[in-house]
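Using the numbering used here, the first residue of the sequence shown is number 438, and each one after it goes up by one. Glycine included, every Cβ here is placed at the ideal spot set by N, Cα and C.
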Amino acid sequence: MNFERTRKKRRSPDITPLIDVMFFLLVFFMVFSTIKTEPMGLDVELPRAVTGSAQTSTSFEVLVDKSGAFYVSGRQVSGTQLEQQLAERLRVNPDIFVFVKADKEVRYEHVVKALDHVRGVGGYRLGLAVDQGM
438 MNFERTRKKR RSPDITPLID VMFFLLVFFM VFSTIKTEPM GLDVELPRAV TGSAQTSTSF
498 EVLVDKSGAF YVSGRQVSGT QLEQQLAERL RVNPDIFVFV KADKEVRYEH VVKALDHVRG
558 VGGYRLGLAV DQGM
């Protein structure tokens, strides 16, 4: 009987899947790190007025976009949701100043609806936001 010692060949692990994963991660971070980040919010183009002045008091902002949708804190809300959020803020601070920021191309009736919602819950310190200068 001839007993020979057989040596097992040591195989190196297959790293092809690892290379694929690393390449994918590299591409992912390269693409998403170059994306331009902008603060959340709506791009509303305000009309200009010479008599506009900056307000520094505590305020509540309502944005009205071109389609007439209302936004509070960057989130779209319905008229009743707008009234609920404003009523909560008015309970905490009854002297809160409400800004209505409407796009200059929005229909006038949408601005009036926003003002009606604000007045409906007791928000009588309000103003329309404009860009200063001409």
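In or out: residue 538 buried (at least 16 other Cβ within 10 Å) or exposed?
Locating residue 538 in the sequence shown gives position 101, where the first residue counts as 1. Classification for residue 538: buried.
Can you tell me whether residue 560 is buried or exposed, with buried defined as 16 or more other CB within 10 angstroms of its CB?
As a first step, residue 560 is located in the sequence shown; it is residue number 123 there, counting from the start. Label assigned to residue 560: buried.
Whose C-beta lies closer than 6 Å to the C-beta of residue 448 among residues of the same chain, with five residues either side of it excluded?
As a working note, residue 448 is residue 11 in the sequence shown. Cβ within range, chain order: n/a, list empty.
Take the Cβ of residue 494 as the centre, count every other Cβ of all protein chains shown within 10 Å, and call the residue buried at 16 or more, exposed below.
The residue labelled residue 494 in the question sits at position 57 within the sequence shown. Its pLDDT being 49, under 50, residue 494 is placed unreliably by the model, and the measurement read from it follows with that caveat. That one is exposed.
Compare the beta carbon distance of residue 536 and residue 496 with 8 Å and say whether it is the shorter of the two.
For the purposes of this step, residue 536 is taken as residue 99 along the sequence shown, with counting starting at 1. For the purposes of this step, residue 496 is taken as residue 59 along the sequence shown, with counting starting at 1. Yes, the pair counts as a contact, with Cβ atoms nearer than the cut-off.
Sort out for me which residues DSSP pairs residue 564 with in a bridge.
The sequence position of residue 564 within the sequence shown is 127, counting from 1. Beta-bridge pairing links residue 564 to 536.
Between 562, 484, 517, which has its C-alpha nearest residue 554's C-alpha?
The sequence position of residue 554 within the sequence shown is 117, counting from 1. When only C-alpha atoms are compared, the closest one is 517.
Expressed to the nearest angstrom, what Euclidean distance is found between the alpha-carbon atoms of residue 465 and residue 458?
Looking up residue 465 in the sequence shown gives position 28. Looking up residue 458 in the sequence shown gives position 21. Approximately 10 Å between the Cα atoms of the pair.
Across which residues does DSSP place residue 508 in a beta bridge pair?
For the purposes of this step, residue 508 is taken as residue 71 along the sequence shown, with counting starting at 1. Answer is 500, 513.
Going by other Cβ atoms of all chains shown within 10 Å of its Cβ, with 16 needed for buried, is residue 461 buried or exposed?
Translated into the one-based positions of the sequence shown, residue 461 becomes position 24. Classification for residue 461: exposed.
Could you give the DSSP three-state label for residue 485: helix, strand or coil?
To locate residue 485, count along the sequence shown from 1; it is residue 48. DSSP places residue 485 in strand when its eight states are reduced to three.
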